[in-house]
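Take a look at the structure set out below.
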Amino acid sequence: MNLTDIFDGVRKEHYNACGDKSQFTEDGVGFIRSVLACDRLVNSCDGYDGILITSKDQTPPVVGERFYGDVFFDGKNRFKDGVFIITGTVQEIIPLHTEITLIKTNRSNYLVIQ
33 MNLTDIFDGV
43 RKEHYNACGD
53 KSQFTEDGVG
63 FIRSVLACDR
73 LVNSCDGYDG
83 ILITSKDQTP
93 PVVGERFYGD
103 VFFDGKNRFK
113 DGVFIITGTV
123 QEIIPLHTEI
133 TLIKTNRSNY
143 LVIQ
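Counted the way our numbering counts, the sequence shown spans residues 33 to 146.
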């Protein structure tokens with residue numbers, strides 16, 4: 033079982049899907065924060081402003097297009113953990129691990145778990 037499988041399971045039980053106001057419940061946020069804080073691969077990465085959690089069936093990021101996901105650990109303190117966001121235009125995509133990618137936009141860098 034990988035991170036995406038774990039987070040998709042949490043999404044089924046602890047997610048309020050409301051369009052652009054979608055977000056994880058408080059319990060879901062707490063669980064995901066704990067998993068991310070303890071994950072060896074996530075902790076080995078640096079150079080990002082926040083982490084985006086996506087679902088397994090979501091289209092991967094594409095240079096020149098905007099991307100979306102649920103944000104955690106926003107280093108710029110713009111978003112609370114577990115809320116759905118749409119990023120700026122993706123400028124660069126850097127694969128880091130099997131399920132972890134770094135995307136760079138004009139204003140932020142996100143670690144994408146997909």
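The beta carbon of each residue, even a glycine, is placed where N, CA and C say it ideally should be.
These figures come from a predicted structure and were not determined experimentally.
Inset, instruction - Look up Asp113 in the DSSP assignment and say whether it is helix, strand or coil. - result: coil
Inset, instruction - Using beta-carbon positions only, say whether Val103 and Val122 come within less than 8 Å of one another. - result: no
Legend entry - As assigned by DSSP and simplified to three states, the class of Arg139: coil
Inset, instruction - Please check if any C-beta of chain D sits within less than 8 Å of the C-beta of Asp102. - result: The structure shown has no chain D; it contains just one protein chain.
Legend entry - Nearest to Pro127 (by Cα), restricted to the options Ile38, Asp40, Ser54, Pro93: Of the candidates Ile38, Asp40, Ser54, Pro93, the one whose C-alpha sits nearest the C-alpha of Pro127 is Pro93.
Inset, instruction - Could you tell me if Ser66 is buried or exposed, where buried requires 16 or more neighbouring beta carbons within 10 angstroms of its beta carbon? - result: exposed
Inset, instruction - Would you mind working out which of Gly101, Tyr80, Val74, Tyr142 sits nearest His129, comparing C-alpha positions? - result: Val74
Inset, instruction - Note the first and the last residue of the continuous beta strand (DSSP E) segment covering Phe99. - result: 98 to 104
Inset, instruction - Pull up the distance between the alpha-carbon of Phe56 and that of Cys70, whole angstroms please. - result: When the Cα atoms are used, Phe56 and Cys70 turn out to be separated by approximately 19 Å.
Legend entry - Exposure of Ile145, with buried meaning 16 or more beta-carbon neighbours within 10 Å: With 16 or more other Cβ atoms within 10 Å, it is buried.
Inset, instruction - Kindly indicate the opening and closing residues of the alpha helix (DSSP H) around Leu35. - result: Unbroken alpha helix (DSSP H) run through Leu35: 35 to 45.
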